[in-house]
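In the working numbering, the protein residues as written are 389 to 534.
Using N, Cα and C, we set each Cβ at its ideal position, and we do this for glycine too.
One structure below.
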């Protein structure tokens with residue numbers, strides 16, 4: 389198994405805090421797998437690892453960096469991935485903006501539009517959950533409740 393395939397998806401590349409394991413990053417760069425440490429693939433893989441670990445809030449900045457210099461119009465699947473990560477992080481406004489980019493640039497592609505619809509449904513659910521958390525009435529505890 390080559391270092392390129394294994395190492396970029398290895399769980400040691402990303403520490404539990406969401407930071408890059410600098411030893412792994414240095415090794416990847418030295419092995420010539422990436423041109424420089426801020427390579428798009430490194431951030432994309434880090435985002436995937438963190439999402440797999442249910443650490444979406446730490447994954448989102450890496451997902452954004454992966455999207456970074458690419459044109460969302462030409463990379464619809466990556467834009468959708470970032471939007472999904474935003475939703476998992478509770479960032480509804482960001483997810484909406486990303487969905488709008490996909491809608492404007494996907495040329496009516498059925499698959500992309502279906503994904504956008506699913507993300508929009510998730511946005512509604514997340515907003516409802518956030519609203520419930522902020523409007524929840526305090527429970528009264530007293531003798532009358534026994």
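| Asked | Found |
| --- | --- |
| Sequence-distant residues of its chain with Cβ nearer than 7 Å to residue 486 (five each side left out) | 467, 470, 471 and 474 |
| Cut-off 8 Å between Cβ atoms - residues of its own chain near residue 519, not counting five sequence neighbours on either side | none |
| Proximity below 8 Å, CB of residue 454 to CB of residue 442 | no |
| Same chain, Cβ closer than 7 Å to residue 511, five either side skipped, listed in chain order | 475, 480, 483 and 484 |
| Burial state of residue 433, where buried means 16 or more other Cβ atoms lie within 10 Å | buried |
| Through-space distance from residue 503 to residue 439, alpha-carbon basis | 18 Å |
| 7 Å CB neighbourhood of residue 508 in its chain, flanking five on each side removed | 487 |
| Exposed unless 16 or more other CB atoms sit within 10 angstroms - verdict on residue 477 | buried |
| Residue range of the unbroken alpha helix (DSSP H) whose run includes residue 468 | 464–476 |
| Assigned secondary structure, residue 442 (DSSP; H/G/I helix, E/B strand, else coil) | coil |
| Cut-off 6 Å between Cβ atoms - residues of its own chain near residue 500, not counting five sequence neighbours on either side | 464, 490 and 494 |
| Start and end residues, alpha helix (DSSP H) containing residue 497 | Element bounds for residue 497: n/a, residue is neither H nor E. |
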